[in-house]
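In our numbering, the protein residues as written are 1063 to 1493.
Here the structure comes first, spelled out in structure tokens, and everything after it is commentary.
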Amino acid sequence: MAGQVKISGAKNSALVIIAGALLCPQDCRIRNVPSLVDVARMGQLLSSLGVKISQHGDVLDIDASDLSTSQAPYEIVSQLRASFFTIGPLLARQGYAQVPLPGGCTIGARPVDLHVRGLQAMGADVQIEHGMVNAYVAGSSRRLKGAKIYLDYPSVGATETLMMAATLAEGETVIENAAQEPEVVDLANFCNSMGARIRGAGTTAITISGVPRLHSTDYAIIPDRVEAATFLVAGAITNSEISLAPVIPDHLTPAIAKLQEIGVQIVADAPDCLRIVPGEGLRGTDIKTLPYPGFPTDMQAQFMALLSLSEGDSVITETVFENRLRHVAELNRMGADIRVEGNIAVVRGVPLLSGAPVVASDLRASAALVLAGLAAKGKTTIQGLHHLDRGYEKLEVKLLSLGARLQRVTGAIVSPERQLGVNNPTANSYQ
Ligand SMILES: CC(=O)N[C@H]1[C@@H](OP(=O)(O)OP(=O)(O)OC[C@H]2O[C@@H](n3ccc(=O)[nH]c3=O)[C@H](O)[C@@H]2O)O[C@H](CO)[C@@H](O)[C@@H]1O
Ligand SMILES: C=C(OP(=O)(O)O)C(=O)O
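In structure tokens form, the structure reads like this:
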């Protein structure tokens, strides 16, 4: 493979920024929105609340001037976790919100206690009954009150929920031990572009001075660092020179550092363009997933595919989610040598993977299996592509343009039966 790839807008920014548009009683134009199943579902959720949404290419126009209800429907919330992020804006704007518990998913239980405790600290009365979170603000103004909130863990979602809720609260809110992820900063910049007063996003202490009302905006989402890292690994695992743009290289620091340890060179050709130059041989290294600026959990599976073909032993420790190593069994089906104990995977590099039928257990696991399939000798068939389509815009089209040999075999848009066939008849040992 070789060539250039266009990186799409960040899924995790898009989802929360679409929820954040609920804060605004005027038009919001959001640019660089990736075309993903999750984004479409988030749009359906807002429509069910009475919001008018129209899409032209990667531009989304959202008019949330009239909200017909503050009750989010279970059928949509249960399909994507990010839908719970609507609770903060709905409560802040309407003084009332009813959002079903989003439930866990294959990577972990994913409770929402930190979101709930923070909203309570801001004066909301929150009851959880029959799987539903009912939150309301008493008093004639129905406005939340600024508060000092310490998060036990720097949860991305809780930081975002509370930051959005605080934009319209009375007084000042300080979120301590806040998540520092780039998508949190993107959300803060989006809110500030509508007149919110948020300082410190990207650090561990975020201060929000509440304002009575926000106004319309035109905002472009940052590039997706997880998609970019996935393509960097695609270059490394197939020994291919690939250029990526647009990217924000700073957001990729943990991935670049690990790729360099593994023996791959990354060159900045322009401030928003990175090129991967494959090395002579790949070496194992250790990875521990952590909140940003640590190594992202959303890149762990893809790096495991790469390390399974890197010489020597690697230890991968997953600390963010309790059940995010389910791709191990599938990689082992392809000839990888990986042992799991608790949240630790010990990867012993093998010279060659061999194509096999495999099943994707979650979004990043599906990307890891595609990467493994690109490097493996023979044909790999991946089932469970509904996970992939949640978070990668046209992955196979982009890979095909680089010269990969793969095709979508069956299925309609959200069919779990959908399969991807990846074929590499000429894999060499130790790429
Ligand atoms: C849509 C979106 O942006 N998803 C991202 C977001 O998910 P999400 O916002 O769900 O991730 P969090 O940072 O909240 O979760 C991290 C850890 O905190 C725990 N926790 C979280 C909230 C809470 O109230 N209580 C609690 O115990 C979770 O179970 C998990 O073990 O950040 C994750 C961590 O970078 C990424 O993997 C996801 O891709
Ligand atoms: C876990 C992820 O997403 P979500 O929080 O939407 O499930 C992810 O993007 O890898």
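Even glycine gets a Cβ: it sits at the ideal position worked out from N, Cα and C.
CB contact check: residue i to chain C, cutoff 7 angstroms
| i | result |
| --- | --- |
| Gly-1272 | You won't find chain C in this structure, because it holds only one protein chain. |
Residue i burial status per 10 Å Cβ neighbour count (16 or more: buried)
| i | result |
| --- | --- |
| Val-1339 | exposed |
| Ile-1169 | buried |
| Val-1459 | exposed |
| Arg-1452 | buried |
| His-1389 | buried |
| Ser-1127 | exposed |
| Gly-1297 | buried |
| Pro-1162 | buried |
| Pro-1333 | exposed |
Heavy atom of ligand 2 within 6 angstroms of residue i beta-carbon
| i | result |
| --- | --- |
| Arg-1388 | no |
| Leu-1098 | no |
| Arg-1143 | yes |
| Asp-1360 | yes |
| Leu-1249 | no |
| Arg-1426 | yes |
| Gly-1453 | yes |
C-alpha distance - residue i paired with residue j, whole-angstrom precision
| i | j | result |
| --- | --- | --- |
| Asn-1074 | Leu-1321 | 23 angstroms |
| Tyr-1212 | Ser-1255 | 26 angstroms |
| Ser-1202 | Ile-1079 | 29 angstroms |
| Leu-1294 | Ala-1144 | 26 angstroms |
| Leu-1457 | Val-1421 | 17 angstroms |
| Leu-1230 | Gly-1446 | 41 angstroms |
| Ser-1463 | Glu-1137 | 36 angstroms |
| Val-1402 | Gln-1182 | 39 angstroms |
| Arg-1467 | Ser-1372 | 22 angstroms |
First and last residue of the uninterrupted beta strand (DSSP E) at residue i
| i | result |
| --- | --- |
| Thr-1229 | No beta strand (DSSP E) contains Thr-1229, which is instead part of the alpha helix (DSSP H) from 1218–1229. |
| Gly-1440 | 1440–1445 |
| Glu-1323 | Segment 1315–1324 is the alpha helix (DSSP H) holding Glu-1323; no beta strand (DSSP E) there. |
| Asp-1399 | 1399–1403 |
Close Cβ partners of residue i (< 6 angstroms) along its chain, the five nearest in sequence each way excluded
| i | result |
| --- | --- |
| Leu-1125 | The sequence given here has Asp at residue 1125, not Leu. These residues qualify, in order along the chain: Asp-1089 and Lys-1114. |
| Glu-1232 | Arg-1205, Lys-1207 and Gly-1272 |
| Met-1063 | Thr-1300, Ser-1302, Leu-1464, Gly-1465 and Ala-1466 |
Proximal residues to residue i (C-beta, below 8 angstroms), its chain only, five neighbours per side dropped
| i | result |
| --- | --- |
| Val-1377 | Asp-1348, Ile-1349, Ile-1406, Ala-1407, Val-1408 and Val-1409 |
| Gln-1031 | Since the first and last residues shown for the chain are 1063 and 1493, residue 1031 lies out of range. |
Endpoints, alpha helix (DSSP H) assigned at residue i
| i | result |
| --- | --- |
| Thr-1381 | Segment: none, Thr-1381 is in no alpha helix (DSSP H) and carries neither H nor E. |
| Cys-1253 | 1244–1255 |
| Lys-1073 | 1073–1082 |
| Lys-1460 | 1457–1463 |
Any non-hydrogen atom of ligand 1 within 6 angstroms of residue i CB
| i | result |
| --- | --- |
| Thr-1351 | no |
| Phe-1293 | no |
| Phe-1383 | yes |
| Ser-1140 | no |
| Asp-1286 | no |
| Asp-1175 | yes |
| Asn-1405 | no |
Contacts around residue i, its chain only, beta-carbon distance under 7 angstroms, and the 5 residues preceding and following it disregarded
| i | result |
| --- | --- |
| Pro-1316 | Pro-1355, Gly-1356, Phe-1357 and Pro-1358 |
| Phe-1383 | Ile-1169, Gly-1170 and Thr-1359 |
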